[in-house]
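To keep things clear, I will list the structure first and then write my remarks on it.
Numbering (our numbering), first residue to last: 1301 to 1726.
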């Protein structure tokens, strides 16, 4: 019982009894009854009224505030929990599938985005794990989850069985190829092909031949008639002059005024240079031709007729079949990457941000690694899915739109997530 109620239930009856006992005693003792003004009860009554009014003025606002806040506290305790279906898809949703569900602790772009939305609308989250997109769609469609989020492309055939939110991310397809299969400029091809010949053995062999030719040419010049001599007679100066002669004569013919063995050496060295240059030119031309005709992929226009890996259950497979690519369906993206690295397929097509994220991981472990081409095509949107007619669609849409709006001069919550999770280039 509250302390201030004791004034009414305990003190007041006691004082009243004392007052009336005194009144009876006075009457029995041949005295006049005490007037009510003499009774302490009257004084107490007025005091009690004043105290009651004061207590009401002080505690009534506090009581009303407590009453008004109690439903809010109860609402927070009774905060609704939404079942959210997810599936693995780097960098959108990532967790260790080998761990039990309660220990998986998913992370990623979609996870952070959903947690931001949940905070905006005031709900708790229970994760519902799925292996792939079809299973995730089925889980939401059958009402086993209230919401689904991962990397789910908004498509008309899916809109029939589930409802989609507004776009949560805009992207397109991109192509992953092996880094050593990407087409380059003629200069890069030249560097690459010449680099193949620069081995320790070849360098020692070339320097040995060059040393012999330089000394032989200097000796021939020294023993030639005086009028046809072009090098110094001293050894070091003469060898230095012969070295520069070997470089220029290898590629050009200056026809110096000499005869006999000196002229034969000049002609032979020049022919060797022409043959070497012709061979190198042929190798570069063949390399460029092979890349342009038989192997290199620079955009989606090069995909028809090529062996292209795509996940069997995802949207890119349908697109590749429409443009005439030789689609190699794989169960997982990692399987497609393994086939690409082994040369079993010419390219891998998937959503650009995911390929860029995985390329970073692959190139840390493999050389020459992979390359994601900059060409972006078949633009599409990711969305959050709901059972048809869901009561949460409008509420979550509002939360999503709010998180995509800039916060004054600062970037939006959505833009900050992109910087955190989505690589911009290879």
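We put the CB at the ideal spot given by N, CA and C, even for glycine.
Quantities reported herein were computed from a predicted structural model and do not represent experimental measurements.
- Between residue 1610 and residue 1672, the CB-CB gap reaches or exceeds 8 Å.
- When C-beta atoms of the segment 1571–1590 are compared with those of the segment 1614–1627, fewer than three pairs fall below 8 Å, so the two segments do not count as touching.
- Linking residue 1570 to residue 1547 through their CA atoms gives a straight-line distance of about 10 Å.
- Residue 1577 has its alpha-carbon roughly 11 Å from the corresponding atom of residue 1584.
- The C-alpha of residue 1582 is placed about 60 Å away from the C-alpha of residue 1415.
- Contact between residue 1615 and residue 1661 does not hold, since their C-beta atoms are separated by about 23 Å, which reaches or exceeds 8 Å.
- Boundaries for residue 1386: no alpha helix (DSSP H) harbours it, while the beta strand (DSSP E) harbouring it runs 1381–1386, taken from the DSSP string.
- Assignment of beta-bridge partners to residue 1650 by DSSP yields 1474.
- When secondary structure is reduced to three states using DSSP, residue 1514 falls in the helix class.
- Between residue 1511 and the set 1544, 1382, 1495 and 1479, the nearest pair of CA atoms involves 1544.
- With a 10 Å radius around the Cβ and a threshold of 16 neighbouring Cβ atoms, residue 1449 comes out buried.
- The alpha helix (DSSP H) runs lying completely inside the segment 1669–1721 and spanning 4 residues or more are 1693–1704 and 1713–1721, given in chain order.
- Between the segment 1430–1446 and the segment 1379–1390 there are three or more inter-stretch CB-CB distances shorter than 8 Å, so the stretches are counted as touching.
- By the criterion of at least three beta-carbon pairs nearer than 8 Å, the segment 1685–1694 is not in contact with the segment 1399–1407.
- With the rule of 3 Cβ pairs closer than 8 Å, the segment 1653–1669 counts as touching the segment 1470–1479.
- Taking a C-beta distance under 8 Å as the contact criterion, residue 1417 and residue 1683 do not qualify as a contact pair.
- Between residue 1406 and residue 1423, the C-beta gap is not smaller than 8 Å, which leaves the two residues out of contact.
- Take the alpha-carbon of residue 1724 and the one of residue 1718: they are about 9 Å apart.
- By the neighbour-count criterion, in which a residue is buried when 16 or more other Cβ atoms sit within 10 angstroms of its Cβ, residue 1410 is buried.
- At the C-beta level, residue 1642 and residue 1626 stay beyond 8 Å of one another.
- Per DSSP, the beta-bridge partners of residue 1469 are 1682.
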